[in-house]
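For reference, the structure is listed below as structure tokens.
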Amino acid sequence: MSADVPEPVVMGVVNVTPDSFSDGGLTLDPGAAIAHGRELVAQGAAILDVGGESTRPGAEPVGAEEELRRVVPVIEGLAGAGARLSIDTSKAQVAAAALDAGASIVNDVTALRGDPRMAALVAQRGCDVCLMHMLGEPRTMQRDPTYNDVVADVRAFLEERLHFAVARGIAEERVWLDPGIGFGKTIDHNLALLARLRELVALGRPLVVGTSRKSFLGTITGRPAGERVAGTLATNVLALAAGASIFRVHDVAEASDALAVAAATLRGQWTPATTTSTNR
Ligand code: HH2
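Going left to right, the sequence shown walks through residues 854 to 1133 as this note's numbering numbers them.
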């Protein structure tokens, strides 16, 4: 299986929000957020995912002006810091300003459903885009989520969104897919998706996995958000073995080490990474 092991890419989370579920308020000040981002690059993040609106269950939406005020100075401050920059937003206006300020990836948790102008923006700019599955919307998504077969349903959704993106002029090579762990899913939905991740990898696009500190890890381990790094690493390593390649995490140093060792072990060989390309 060695040839099939992707080069793991660590995407560090930079939340500029007062209310994110595990780190809200820590880096609301732009200077603190920029310093945190630089620290994550030093720890091994190849991508920084900057977000100004919490999507935690029950979160209230934030207006575009406020989101812009939070994220643009942070993107500007992190441009040239040594990592690619991703903007975690579902608003085209915010994505456009972030791309202008130095971002090259749009991480849209609504998978181009939240803002009718987003697909055209991504197509026109030629940037990478992450399309994530979410059932419902953050305010209500954890109220009794129901699927026929969660893995088949998420796969069909991602396939449809990929076709939609391509039909709107986005190059297929620019699209990444994400099962949206915790977004309208029970613990067993999350675990089924992680156990059968290969069925999503089979769609042929880079798979992003965001399990970091999420509540299903707390349910299993009994630990609060700040103590879920070991649980996060377990899911990351198993996801790598299943073919996922991009790992959205808060704890970058730990994830970088775990994924480097896991990749070498799965290959049965250590080859120093020669590229941090995320286009594979
Ligand atoms: N999870 C969160 C936010 N954005 N984007 C992608 N592509 N995949 C994810 O799993 C994902 C995401 C939620 O985590 P966090 O940013 O820590 O919390 P909050 O949304 O409360 O800011």
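Where is the CB? At the ideal position from N, CA and C, for every residue including glycine.
Source: prediction; values computed, not measured.
N-terminal and C-terminal residue of the alpha helix (DSSP H) that residue i is part of
i: residue 962; result: Here residue 962 belongs to no alpha helix (DSSP H), and DSSP marks it neither H nor E.
i: residue 1043; result: 1040 to 1048
i: residue 1015; result: 1003 to 1020
i: residue 953; result: 945 to 954
i: residue 926; result: 917 to 931
i: residue 934; result: Counting along the chain, residue 934 falls outside any alpha helix (DSSP H), and DSSP gives it neither H nor E.
i: residue 1121; result: No alpha helix (DSSP H) holds residue 1121; DSSP gives it neither H nor E.
i: residue 1084; result: 1082 to 1094
Collapsed DSSP secondary structure at residue i in the structure displayed
i: residue 1110; result: helix
i: residue 1069; result: helix
i: residue 970; result: coil
i: residue 1056; result: coil
i: residue 891; result: helix
i: residue 988; result: coil
i: residue 1023; result: coil
i: residue 881; result: coil
i: residue 1101; result: strand
i: residue 858; result: coil
Extent of the continuous beta strand (DSSP E) run through residue i
i: residue 1031; result: 1028 to 1031
i: residue 900; result: 900 to 904
i: residue 940; result: 937 to 941
i: residue 865; result: 862 to 868
Own chain, CB closer than 7 Å to residue i, minus 5 neighbours either side, in chain order
i: residue 1028; result: 982, 984, 1015, 1018, 1058
i: residue 963; result: 943, 987
i: residue 1004; result: 1045, 1046, 1049, 1052
i: residue 868; result: 876, 877, 880, 904
i: residue 974; result: 945, 948, 949
i: residue 863; result: 897, 898, 899, 1100, 1102, 1105, 1108, 1109, 1112
i: residue 1011; result: 984, 986, 1030, 1053, 1056
i: residue 1000; result: 1006, 1042
Same chain, Cβ closer than 8 Å to residue i, neighbours up to 5 away in sequence not counted
i: residue 844; result: The requested residue 844 is not part of the displayed model; the chain covers only 854 to 1133.
i: residue 979; result: 1024, 1027
i: residue 896; result: 865, 1105, 1106, 1109
i: residue 965; result: 971, 972, 975, 982, 984, 1014, 1017, 1018, 1021
i: residue 1133; result: Interpretation of residue 1133 is limited by its pLDDT of 34, a score under 50 that renders its predicted location unreliable; the figure taken from the coordinates is listed afterwards. Only 859, 860, 1059, 1098 meet the Cβ criterion.
Close Cβ partners of residue i (< 6 Å) along its chain, the five nearest in sequence each way excluded
i: residue 1078; result: 875, 1066
i: residue 1022; result: 976
i: residue 995; result: 910
i: residue 873; result: 907
i: residue 960; result: 902, 939, 941, 983
i: residue 920; result: 905, 906, 947
i: residue 923; result: 869, 905
i: residue 883; result: 926, 927
i: residue 1074; result: 1084
i: residue 1040; result: 1069, 1072
i: residue 1038; result: 998
Contact with chain C by residue i, beta-carbon distance below 7 Å
i: residue 928; result: Here chain C cannot be found, since the structure has a single protein chain.
Does the contact criterion of 3 or more C-beta pairs under 8 Å hold for the stretch 921 to 930 versus the stretch 967 to 987? Segments in contact, no.
Looking at C-beta atoms only, is the number of pairs between the stretch 873 to 892 and the stretch 957 to 970 that lie closer than 8 Å three or more? No: the two stretches stay apart, fewer than three of their Cβ pairs being nearer than 8 Å.
Do the stretch 1061 to 1070 and the stretch 1102 to 1115 meet, that is, are 3 or more Cβ pairs less than 8 Å apart? They touch, by the three-pair rule.
If we count Cβ pairs, one from each stretch, closer than 8 Å, do we get three or more for the stretch 1031 to 1043 versus the stretch 949 to 958? Flag = no, the stretch 1031 to 1043 and the stretch 949 to 958 do not touch.
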